[in-house]
Amino acid sequence: MSSFDVANADIIADVSLVDASTQDHSTGDPQFPGLHNDLSFLWAMVDTEDGKRYEIVRSLSQSCAYDFTVHECPADIWEKPRGVRIPGETDLYWGPAVWLGRGERRRIMPANLDMMIKHPMNITLSPTKYIWQEEDVVDIELTPLTGNVTRIDVPGDPDPVGYTSSGCSVAGTVDGKKITGGYGGIDRMYCIPGLSAQLSKIAWLEHYWFVWGAIHEDGTWETGNAMLGAGGYATATWHRQGFDPIIATNADVESKVVWEDRENGESQPVSASLTFGGRTFDFTTTHNAAAQAASLGIKWVHGRVQEKGGPVPVQTWSTMEVIVRGAETATPR
Numbered sequence: 041m042s043s044f045d046v047a048n049a050d051i052i053a054d055v056s057l058v059d060a061s062t063q064d065h066s067t068g069d070p071q072f073p074g075l076h077n078d079l080s081f082l083w084a085m086v087d088t089e090d091g092k093r094y095e096i097v098r099s100l101s102q103s104c105a106y107d108f109t110v111h112e113c114p115a116d117i118w119e120k121p122r123g124v125r126i127p128g129e130t131d132l133y134w135g136p137a138v139w140l141g142r143g144e145r146r147r148i149m150p151a152n153l154d155m156m157i158k159h160p161m162n163i164t165l166s167p168t169k170y171i172w173q174e175e176d177v178v179d180i181e182l183t184p185l186t187g188n189v190t191r192i193d194v195p196g197d198p199d200p201v202g203y204t205s206s207g208c209s210v211a212g213t214v215d216g217k218k219i220t221g222g223y224g225g226i227d228r229m230y231c232i233p234g235l236s237a238q239l240s241k242i243a244w245l246e247h248y249w250f251v252w253g254a255i256h257e258d259g260t261w262e263t264g265n266a267m268l269g270a271g272g273y274a275t276a277t278w279h280r281q282g283f284d285p286i287i288a289t290n291a292d293v294e295s296k297v298v299w300e301d302r303e304n305g306e307s308q309p310v311s312a313s314l315t316f317g318g319r320t321f322d323f324t325t326t327h328n329a330a331a332q333a334a335s336l337g338i339k340w341v342h343g344r345v346q347e348k349g350g351p352v353p354v355q356t357w358s359t360m361e362v363i364v365r366g367a368e369t370a371t372p373r
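Taking my numbering, the leading residue of the sequence shown gets 41, the next gets one more, and so forth.
In structure tokens form, the structure reads like this:
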């Protein structure tokens, strides 16, 4: 992989929007021929009854449950998030896991009985609902929105990869507090057997991720998903209930990110714009969501997304994750 220059590879993805009812949530998911689901992660950005904003993530593989975070995101984007559960400090379960069930429903449970007693975890996946429970900290229900799974197929050298991102409404509690609104889901990475998804082509391509969900005054949802990468690689989907979806790739996605760089060396993305399918979406940073990700050099913020000239949402949740900040990505094209 290190000898393959993704910046000059002219990589083109096949992107579609599909419904969660078509998805196989088992470890044997065959939707990308020759590839297997190596890594999945549940995620949610939520507001609680006391006015707080939280980010929650749990990583899963075919044989274990590992990396996780539950943290409160401050409205001051220069302030460090408050960790609720962080690996090595205030743990949730980390260790081998088993996938149980047949048909459309799958349950993931700890395989280490001693640790299961100390750190109980119960995750259930089905086409209509994802249940995610961990100790007394996470108890949420994610309901997939209709036609809201972004499916990305990236064939070709150096290794074919696949990616799906299912966007959901969120209900339940986090850190013992009732959730008053949120957007979340499950993302799944596919690669050839024997290769880690974290070393696959998709990991080399991803520089920026934008994901958003918003509710309008009439109760309808609007969602978006965009990835910007090396060599002009880009994928973007948008869906507002009652409208035709928009799908765009590469040169059909224009982007710009504005950064604030401070003299002490700190920097944060403070705004961004994405243009595709004849629509422009403006992102304004509102919260710092980078907890332990900051140690990896990853910038992670929450914000508001507003379509230029479009209706103003009554509730909105959006995230910008910056894995690689470079001149070749997130610039006017």
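A virtual CB, placed ideally from N, CA and C, is assigned to each residue, including glycine.
Rounded straight-line distance, which links the Cα of residue j to that of residue i
| i | j | result |
| --- | --- | --- |
| A312 | T324 | 7 Å |
| G259 | S209 | 12 Å |
| V86 | Y133 | 22 Å |
| G224 | Y230 | 20 Å |
| Q238 | E246 | 11 Å |
| W172 | D322 | 31 Å |
| T371 | G349 | Residue placement at T371 cannot be trusted, given a pLDDT of 49 that sits under 50; the coordinates are not used to answer. |
| E306 | R365 | 13 Å |
| I287 | P167 | 23 Å |
| G135 | F250 | 30 Å |
| A270 | D154 | 44 Å |
| N304 | A47 | 31 Å |
| G272 | T109 | 31 Å |
| D292 | A274 | 8 Å |
| W139 | I148 | 5 Å |
| V362 | E119 | 17 Å |
| V214 | A49 | 43 Å |
| G343 | H279 | 19 Å |
| P160 | G318 | 47 Å |
| Y94 | D301 | 25 Å |
| T186 | N162 | 25 Å |
| P285 | I219 | 28 Å |
| V55 | E144 | 24 Å |
| F316 | K296 | 12 Å |
| G128 | Q332 | 11 Å |
Residue span of the alpha helix (DSSP H) that contains residue i, given as start and end
| i | result |
| --- | --- |
| K241 | K241 to L245 |
| I157 | L153 to K158 |
Beta-carbon proximity of residue i to residue j, cut-off 8 Å
| i | j | result |
| --- | --- | --- |
| E112 | V97 | no |
| N290 | I117 | no |
| R146 | L165 | yes |
| T277 | L57 | yes |
| A60 | P184 | yes |
| L235 | A266 | no |
| V194 | I242 | yes |
| M156 | Y248 | no |
Cutoff 6 Å; reference residue i; Cβ partners in own chain excluding five residues on either side
| i | result |
| --- | --- |
| H256 | P351 and P353 |
| G221 | D87 and Q355 |
| M41 | In this prediction, M41 has a pLDDT of 44, which is less than 50 and means its spatial position is unreliable; what the coordinates show is noted afterwards. Result list for M41: P198, in chain order. |
| S240 | D199, V201 and C231 |
| T204 | V189, R191 and R228 |
| A254 | E262, P353 and T356 |
| H65 | R146 and L165 |
| W244 | V46 |
| F106 | The identity of residue 106 in the sequence shown is Tyr, whereas the question assumes Phe. These residues qualify, in order along the chain: S99 and W134. |
| E174 | L132 and M161 |
Residues that DSSP places opposite residue i in a beta bridge
| i | result |
| --- | --- |
| L314 | S295 and F321 |
| V354 | In the DSSP output, where bridge partners are listed per residue, V354 has none listed. |
| K217 | V214 |
| L182 | Y170 and V210 |
| W83 | V97 and G225 |
| P309 | W299 |
| E129 | According to DSSP, E129 bridges with nothing at all. |
| N22 | The structure shown has nothing for residue 22, since the chain only spans 41 to 373. |
| D266 | In the sequence on display, residue 266 carries Ala and not Asp. Answer is F250 and A276, bridged to A266. |
| R147 | L140 and T164 |
| A288 | A276 |
| N304 | Answer is none; N304 lacks a bridge partner. |
Where the beta strand (DSSP E) containing residue i begins and where it ends
| i | result |
| --- | --- |
| Q173 | Y170 to E174 |
| E112 | C104 to E112 |
| Y94 | R93 to L100 |
| S56 | D54 to V58 |
| I163 | M161 to L165 |
| I51 | Per DSSP, I51 belongs to no beta strand (DSSP E) and is neither H nor E. |
| V345 | K339 to E347 |
Sequence-distant residues of its chain with Cβ nearer than 7 Å to residue i (five each side left out)
| i | result |
| --- | --- |
| D176 | G216 |
| S101 | D78 and L79 |
| E181 | K169, I171, A211 and G212 |
| S103 | P136 and A137 |
Spatial neighbours of residue i in its chain, beta-carbon cut-off 8 Å, leaving aside the 5 residues before and after
| i | result |
| --- | --- |
| V298 | P309, V310, S311 and A312 |
| G74 | P200 and I232 |
| Q63 | D69, Q71, P167, V189, T204 and S206 |
| A330 | P121, I338, K339, W340 and V341 |
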